[in-house]
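Mapped onto the numbering used here, the consecutive letters of the sequence shown carry residue numbers 57 to 298. Backbone N, C-alpha and C define an ideal beta-carbon position, used for all residues, glycine too. Note that the coordinates shown come from a computational prediction; the quantities given were computed from them, not determined experimentally.
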Amino acid sequence: MTVYGIGLGPGDADLVTVKGKRILESVDVVYSPGRLSRTVALNHVPEERIGDLDFPMTRDPDELRRAWKEAAAEVAARAKSDDVAFVTLGDPNVYSTFGHLRRTLDAFHPEIELEVVPGVSAMTAFATALGVEIESGTGLALREAAKGAAPTGPDRMILFKVTDAPATYEGLTEAGYDVKFGRRLFMEQGETLVTSDPGELEERDYYTLAYAEREGIERDVATAEFEAESADADAVEPEVSK
57 MTVYGIGLGP GDADLVTVKG KRILESVDVV YSPGRLSRTV ALNHVPEERI
107 GDLDFPMTRD PDELRRAWKE AAAEVAARAK SDDVAFVTLG DPNVYSTFGH
157 LRRTLDAFHP EIELEVVPGV SAMTAFATAL GVEIESGTGL ALREAAKGAA
207 PTGPDRMILF KVTDAPATYE GLTEAGYDVK FGRRLFMEQG ETLVTSDPGE
257 LEERDYYTLA YAEREGIERD VATAEFEAES ADADAVEPEV SK
């Protein structure tokens, strides 16, 4: 049978893909690693078909490996007779808990068939939520803001897991970036917040990201000419008919 790694998207149940929803409705059990992903999954499957797995929020490598092995063992045992799904917020292959499960299954249960169903990740959803356009030909770096650290270098960056917004903001602005934050974007749980003021984000929240763009960056896009044409047209006074 098959284990499906299904991306639920950023948190809005309506942003689950059509394929993801179809598989969720067809498998025998849906495993969830946490409360938020479980809440989204409940919009598509009944509670009695959801199984909870323990993925502790710790940096202790021994505890993490123990939890991953236990989770993989349970999933593999069920997958011997049934199709099962493992759900995760965002996309299964982008900063996802599913990666730990997949690697552990590959190591200890290589006979289990795996299939990944992509989901809308914060890496793409942030652009809509923050009103940012990443135009053609633009480079964009994806980084993790661990412990408030603010890496610099690329012209444009998305920083995940911003748990210290004031420190991140200070580091980026000193390096010459304009910064905008988004918290719990497209999530049904908690308050969604978009702001350029780190003071509004002093309370730490794992589901906070930052978009940083180097100040004064030039945009070489063909449609930039339209702005000049529009400005010229506005400068021409219309004739008054007599």
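Less than 9 Å between the C-beta atoms of residue i and residue j, yes or no?
{"i": "A266", "j": "F242", "result": "no"}
{"i": "V173", "j": "G61", "result": "yes"}
{"i": "V218", "j": "T264", "result": "yes"}
{"i": "E126", "j": "D110", "result": "yes"}
{"i": "D211", "j": "G195", "result": "yes"}
{"i": "R105", "j": "V83", "result": "yes"}
{"i": "L15", "j": "V59", "result": "Residue 15 lies beyond the stretch modelled for the chain, which goes from 57 to 298, so this question has no answer here."}
{"i": "E191", "j": "A221", "result": "no"}
{"i": "H100", "j": "L80", "result": "yes"}
{"i": "V85", "j": "R134", "result": "yes"}
{"i": "V150", "j": "Y87", "result": "no"}
Buried or exposed: residue i, going by 16 or more other Cβ atoms within 10 Å of its Cβ?
{"i": "F182", "result": "buried"}
{"i": "D116", "result": "exposed"}
{"i": "T114", "result": "exposed"}
{"i": "M57", "result": "exposed"}
{"i": "G175", "result": "buried"}
{"i": "S93", "result": "buried"}
{"i": "G67", "result": "buried"}
{"i": "Y262", "result": "exposed"}
{"i": "I168", "result": "buried"}
{"i": "E247", "result": "exposed"}
{"i": "R91", "result": "exposed"}
{"i": "G193", "result": "exposed"}
{"i": "G76", "result": "buried"}
{"i": "T184", "result": "exposed"}
{"i": "G209", "result": "exposed"}
Output needed for residue i: all residues of its chain with C-beta closer than 6 Å, excluding positions within five of it in sequence on either side, in chain order.
{"i": "L249", "result": "R239"}
{"i": "P254", "result": "A221, P222 and Y225"}
{"i": "T251", "result": "F237"}
{"i": "R260", "result": "T219"}
{"i": "S166", "result": "This sequence places Pro at residue 166; Ser is not what is there. Contacts found: none."}
{"i": "A268", "result": "M213, L228, Y233 and V235"}
What residues in its chain sit with their C-beta under 7 Å from that of residue i, if we drop five residues either side in the sequence?
{"i": "G232", "result": "R270 and E271"}
{"i": "K298", "result": "In this prediction, K298 scores a pLDDT of 47, lower than 50, which makes its location untrustworthy; the coordinate-derived value is nonetheless stated afterwards. Same-chain partners within the cutoff: there are none."}
{"i": "F154", "result": "G61, F142, T144 and P148"}
{"i": "L198", "result": "M179 and I214"}
{"i": "G156", "result": "Note that residue 156 is His in the sequence shown, not Gly. W124, listed in sequence order."}
{"i": "R158", "result": "G61 and L170"}
{"i": "Q245", "result": "G67, L92 and T95"}
{"i": "P89", "result": "L109, F111, T144 and T153"}
{"i": "E256", "result": "L249"}
What are the partner residues of residue i, as DSSP defines its beta bridges?
{"i": "T264", "result": "R239"}
{"i": "D234", "result": "E269"}
{"i": "T251", "result": "F237"}
{"i": "I79", "result": "For I79, which the question treats as bridged, DSSP gives no partner whatsoever."}
{"i": "D140", "result": "Contrary to the premise, residue 140 reads as Val rather than Asp in this sequence. In the DSSP output, where bridge partners are listed per residue, V140 has V59 and V85."}
{"i": "G65", "result": "G146"}
Tell me which same chain residues have a C-beta within less than 8 Å of the C-beta of residue i, skipping the five on either side of it?
{"i": "F164", "result": "K125, A128, A129 and A132"}
{"i": "T73", "result": "G63, G65, V173, P174, G175 and V176"}
{"i": "P112", "result": "E119, L120 and A123"}
Of all Cβ atoms in chain C, is any one closer than 9 Å to the Cβ of residue i?
{"i": "Y233", "result": "Absence of chain C from the displayed structure is noted, only one protein chain being present."}
Got a sec: does the ligand FAD put a non-hydrogen atom nearer than 8 Å to the Cβ of residue i?
{"i": "D220", "result": "This structure does not include the ligand FAD; it has no bound ligands of any sort."}
| said: Just to confirm the assignment: which complete alpha helix (DSSP H) runs, minimum length 4, are found wholly within the stretch 91-134? | reply: 91-97
| task | Jot down the residue ranges of each uninterrupted beta strand (DSSP E) in the stretch 166-227, minimum 3 residues, whole runs only, in chain order. | result | 169-173, 197-200 and 212-216
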